[in-house]
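Numbering-wise (this note's numbering), the sequence shown opens with residue 458 and increments by one. Notes to accompany the following structure.
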Amino acid sequence: IGMVVGSLMALYFKQSTDSIKLVGEIPAHLPPLSMPDFSLKTIKSLAPEAFAVALLGLIEAVSISRAVASKSNQRIDANQEFIGQGLSNITGSFFSSYAGSGSFTRSGINYEAGAKTPLSAIFSALLLMLIVLLIAPLTAYLPVAAMGGVILLVAYNLVDFHHIKQVLTMSRSETAILLTTFFATLFLELEFAIYLGVILSLVFFLARTSTPQIPTLSVDSSTENRKLVNIQKKPLKQCPQIKIIRIDMSVYFGSINYIQNRLARIVENEHIKHILIVSSGINFIDLAGAEALVIENRRLKAIGGGLYFVGIKSSVYEFAAKSCFIHNIGSSHFFDTKNEAIHELYKRIDNDICTKCNALIFKECE
Numbered sequence: 458i459g460m461v462v463g464s465l466m467a468l469y470f471k472q473s474t475d476s477i478k479l480v481g482e483i484p485a486h487l488p489p490l491s492m493p494d495f496s497l498k499t500i501k502s503l504a505p506e507a508f509a510v511a512l513l514g515l516i517e518a519v520s521i522s523r524a525v526a527s528k529s530n531q532r533i534d535a536n537q538e539f540i541g542q543g544l545s546n547i548t549g550s551f552f553s554s555y556a557g558s559g560s561f562t563r564s565g566i567n568y569e570a571g572a573k574t575p576l577s578a579i580f581s582a583l584l585l586m587l588i589v590l591l592i593a594p595l596t597a598y599l600p601v602a603a604m605g606g607v608i609l610l611v612a613y614n615l616v617d618f619h620h621i622k623q624v625l626t627m628s629r630s631e632t633a634i635l636l637t638t639f640f641a642t643l644f645l646e647l648e649f650a651i652y653l654g655v656i657l658s659l660v661f662f663l664a665r666t667s668t669p670q671i672p673t674l675s676v677d678s679s680t681e682n683r684k685l686v687n688i689q690k691k692p693l694k695q696c697p698q699i700k701i702i703r704i705d706m707s708v709y710f711g712s713i714n715y716i717q718n719r720l721a722r723i724v725e726n727e728h729i730k731h732i733l734i735v736s737s738g739i740n741f742i743d744l745a746g747a748e749a750l751v752i753e754n755r756r757l758k759a760i761g762g763g764l765y766f767v768g769i770k771s772s773v774y775e776f777a778a779k780s781c782f783i784h785n786i787g788s789s790h791f792f793d794t795k796n797e798a799i800h801e802l803y804k805r806i807d808n809d810i811c812t813k814c815n816a817l818i819f820k821e822c823e
């Protein structure tokens with residue numbers, strides 16, 4: 458209605474002024490069939506820009522889908538969004554189409570109009586095709602200002618001010634990403650602003666995951682199953698020969714240096730050479746992490762100790778077996794339960810020290 462009224466006003470005022478900018482007449486025919494140029498020269502010349510357009514399109518599609526999903530209480534599968542967008546652009550390339558993506562404004566208008574299912578997009582496309590074929594010449598009277606007003610109104614309604622307020626008050630890192638990306642879009646080209654936001658997000662992610670939580674655990678004899686408890690939450694006695702720690706993060710190239718330093722401090726400061734790692738919090742071990750842990754085990758083995766693992770997840774264990782991590786460390790260093798691990802480690806410690814120890818935290822000590 459707003460665009461119709463705007464068109465009528467533009468038509469009325471056109472007699473007295475020529476300063477009203479109009480969209481212009483759209484060709485009343487469908488795009489012709491065309492064969493994309495797959496030559497290596499063309500691919501090389503277009504690759505950087507094509508990558509930027511593809512990344513921008515994917516981010517836009519996921520962003521608008523999540524924005525609409527949060528309002529309609531739907532679940533969004535980002536992988537399906539990516540697959541659908543890729544297929545549509547591949548198919549569209551044979552019909553002289555521009556690179557397409559989920560539109561912020563059109564999706565917002567579609568939702569505000571009462572759309573509930575993906576069929577609404579199909580009906581919208583069919584209606585647009587009829588408009589192009591039948592009444593495209595009428596767009597010559599459509600003012601740019603009228604169309605821009607509708608787009609701005611819809612875009613404003615899609616801005617989640619509540620979520621922005623949450624980000625600004627709850628997370629410094631996400632606030633930095635939000636503000637940096639926002640101001641970058643004002644002073645840089647859009648694709649560079651998005652690159653900057655993605656890179657900054659990656660930097661903060663690496664910074665956060667490169668220093669994993671590694672709490673020290675000890676046996677709580679007051680519990681029924683003698684659970685392993687974080688000694689920072691409940692002060693408990695520790696075994697002077699066996700150090701029990703838990704790694705609450707994936708072991709990968711970004712975090713392994715921090716983990717190695719932690720293991721080195723245990724050996725140097727506490728003079729403990731048997732280290733048991735509770736691995737229930739490890740979701741992934743990459744090759745760099747596996748190789749570094751093998752090296753740490755060799756260092757401990759050289760002084761009569763070793764690195765041991767308990768409760769490692771099956772998916773992580775499968776990868777560790779394929780990468781020869783298990784073989785290089787030794788299958789005898791991996792245990793399913795803490796009782797099994799402690800029972801086996803107790804056989805490897807110095808009995809002379811045990812006779813003078815007053816901790817007595819394990820059943821074997823009794």
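By construction, the Cβ of each residue, glycine as well, lies at the ideal position given by its N, Cα and C atoms.
Unbroken beta strand (DSSP E) run spanning residue i, endpoints
| i | result |
| --- | --- |
| residue 765 | 763-767 |
| residue 700 | 699-703 |
Residue interval of the alpha helix (DSSP H) (run including residue i)
| i | result |
| --- | --- |
| residue 799 | 795-803 |
| residue 785 | 782-786 |
| residue 810 | 808-813 |
| residue 523 | 497-529 |
| residue 820 | First-last for residue 820: undefined, no H or E at that position. |
| residue 459 | 459-470 |
| residue 630 | 629-644 |
Distance between residue j and residue i (C-alpha atoms, nearest Å)
| i | j | result |
| --- | --- | --- |
| residue 676 | residue 569 | 58 angstroms |
| residue 524 | residue 499 | 36 angstroms |
| residue 503 | residue 652 | 18 angstroms |
| residue 536 | residue 519 | 9 angstroms |
| residue 818 | residue 785 | 31 angstroms |
| residue 721 | residue 629 | 32 angstroms |
| residue 667 | residue 713 | 8 angstroms |
| residue 661 | residue 512 | 20 angstroms |
| residue 797 | residue 711 | 31 angstroms |
| residue 731 | residue 515 | 49 angstroms |
| residue 548 | residue 556 | 11 angstroms |
| residue 685 | residue 809 | 25 angstroms |
| residue 565 | residue 543 | 21 angstroms |
| residue 820 | residue 795 | 12 angstroms |
| residue 493 | residue 777 | 45 angstroms |
| residue 678 | residue 669 | 28 angstroms |
| residue 807 | residue 801 | 13 angstroms |
| residue 482 | residue 552 | 21 angstroms |
| residue 754 | residue 683 | 27 angstroms |
| residue 799 | residue 510 | 56 angstroms |
| residue 605 | residue 744 | 52 angstroms |
| residue 774 | residue 815 | 36 angstroms |
| residue 478 | residue 598 | 9 angstroms |
| residue 624 | residue 594 | 46 angstroms |
| residue 581 | residue 563 | 10 angstroms |
| residue 681 | residue 693 | 16 angstroms |
Reference residue i, options the options, closest by Cα
| i | options | result |
| --- | --- | --- |
| residue 488 | 528, 616, 554, 646 | 554 |
| residue 550 | 491, 580, 787 | 491 |
| residue 766 | 742, 779, 759 | 742 |
| residue 664 | 645, 691, 709, 627 | 709 |
| residue 657 | 682, 631, 811 | 631 |
| residue 804 | 816, 789, 793, 745 | 789 |
| residue 726 | 813, 697, 534, 642 | 697 |
| residue 723 | 763, 780, 494, 740 | 763 |
| residue 575 | 484, 522, 594, 552 | 522 |
| residue 480 | 579, 552, 558, 600 | 600 |
| residue 647 | 602, 517, 471 | 517 |
| residue 559 | 572, 573, 539, 571 | 539 |
| residue 545 | 532, 572, 579 | 579 |
| residue 707 | 687, 563, 740 | 740 |
| residue 729 | 695, 746, 534 | 695 |
| residue 508 | 649, 781, 772 | 649 |
| residue 484 | 746, 757, 596, 791 | 596 |
Heavy atom of the ligand NAP within 6 angstroms of residue i beta-carbon
| i | result |
| --- | --- |
| residue 781 | This structure lacks the ligand NAP, and indeed carries no ligand of any kind. |
CB contact below 7 angstroms: residue i versus chain B
| i | result |
| --- | --- |
| residue 478 | The displayed structure is made up of one protein chain only, and chain B is not part of it. |
Does the region 635-648 come within contact of the region 596-613, defined as at least 3 CB pairs closer than 8 angstroms? With the rule of 3 Cβ pairs closer than 8 angstroms, the region 635-648 does not count as touching the region 596-613.
Practice item. Quick one: which unbroken alpha helix (DSSP H) runs of 4-plus residues sit fully inside the region 537-592? Chain order, please. Key: The qualifying runs are 561-569, 576-591.
| request: Could you pull out every unbroken alpha helix (DSSP H) segment of at least 4 residues lying fully inside the region 699-779, listed in chain order? | output: Restricted to the region 699-779, the alpha helix (DSSP H) segments that are unbroken, complete and at least 4 residues in length are 713-727, 744-759, 771-779, listed in chain order.
For a minimum of 3 consecutive residues, which ranges assigned as the beta strand (DSSP E) are wholly contained in the region 653-692? Here the runs fully enclosed are 673-676, 685-687.
(Q) I want to know whether the region 745-752 touches the region 704-723 - three or more CB-CB distances under 8 angstroms. (A) Yes, the region 745-752 touches the region 704-723.
Original post:
Touching or not, the region 526-542 and the region 462-469, by the rule of three or more beta carbon pairs under 8 angstroms?
Top reply: Judged by Cβ distances under 8 angstroms, the region 526-542 makes no contact with the region 462-469, as fewer than three pairs qualify.
Three or more beta-carbon pairs under 8 angstroms between the region 721-737 and the region 754-768, yes or no? Between the region 721-737 and the region 754-768 there are three or more C-beta pairs closer than 8 angstroms, enough to call the two in contact.
Would the region 664-684 count as touching the region 699-707 if we require 3 or more Cβ pairs under 8 angstroms?
The region 664-684 is in contact with the region 699-707.
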